[in-house]
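Residues in the sequence shown are numbered consecutively from 1, following full-length UniProt numbering.
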Amino acid sequence: MAPHNDAPSPPGLYSAGFNTNGSAPRPVGPSALRLGDFTPTESPLSSSFGSSSLGNSAGMHLTRPLLPGVYVPTMCFFDPKTEDVDEAMIAEHAVRLAKAGVTGLATQGSNGEAVHLTHEERRLVTSTTRKALDGAGYSDMPLVSLAAGGHGILAGLANIAPRACVRTIELYREGKLAEAQAMQEVLSRGDWTAIQGGVVGVKSGLQSLMGYGGYARSPLPRPTPEQAKKWREGFEELYALEKSL
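This is the structure:
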């Protein structure tokens, strides 16, 4: 296992959403607000599979605006014995989220344990995710932010219940506010469990309920049997909702 020295985040941690029709890339000049700083065309998570040199010689960057919807700050997974990055599980998890209808993914956040990764490992996680889908992300608390004029959420809880997060947004947009509120209440109870358990608790819930997830990387602790039972019970209502959708 490589040493877990912290390193500055590599470029290209975010990209435009994939479960949308999307919009054409637009060039951004060097003096503009540069989404290109977050979505450079050379990024392994770029919204285009190929690279483009459009405007590069003129200091231009291709970008796509973030689209409304649910974005998921994805988790990083490790081999339980060696704590090496588990590329297969990272890819499997990303595909599961994409199939659930989320708009995009974000890697290298606190959910992804970026602080425990070397610079090279961060690039590996991003490029592994990129091979499975077009991802990128943003915010939290669906109904509150939408009612205030927000366009989407950055939902860490969507690592466990992506369909429930997406459906809550859809119900709100369809004007079914009572149904959206009822679903949001289930999400909120699950979120309280996630807040209490952090990455350790969410991974424990994934492992108990879905059979994958493993453990957080050292120095984070592994849950005791009692804690694992607590996290499982805390997520059971939310998991039942997710399975029903």
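Don't be surprised by glycine CBs; every beta carbon is placed ideally from N, CA and C.
Counting C-beta pairs closer than 8 Å gives three or more between the stretch 207-225 and the stretch 85-92, which meets the contact rule.
An exposed status is given to leucine 177, since fewer than 16 other beta-carbon atoms sit within 10 Å of its beta-carbon. Between methionine 183 and the set Leu238, Lys229, Thr224, the nearest pair of CA atoms involves Leu238. Linking threonine 118 to phenylalanine 235 through their CA atoms gives a straight-line distance of about 31 Å.
For proline 73, the pairing in a beta bridge is given by DSSP as Ala106. The stretch 164-216 contains, as complete alpha helix (DSSP H) runs of 4+ residues, the segments 177-210 (chain order). Shortest Cα-Cα distance from threonine 128 to any of His116, Val115, Ala114, Thr107 involves Thr107. Minimum Cα-Cα distance from proline 80 among the listed residues Asn111, Lys203, Ser110 corresponds to Lys203.
For glycine 101, the three-state secondary structure derived from DSSP is coil.
Secondary structure at isoleucine 90: helix, using DSSP grouped into helix, strand and coil.
When DSSP states are grouped into helix, strand and coil, leucine 154 belongs to the strand group.
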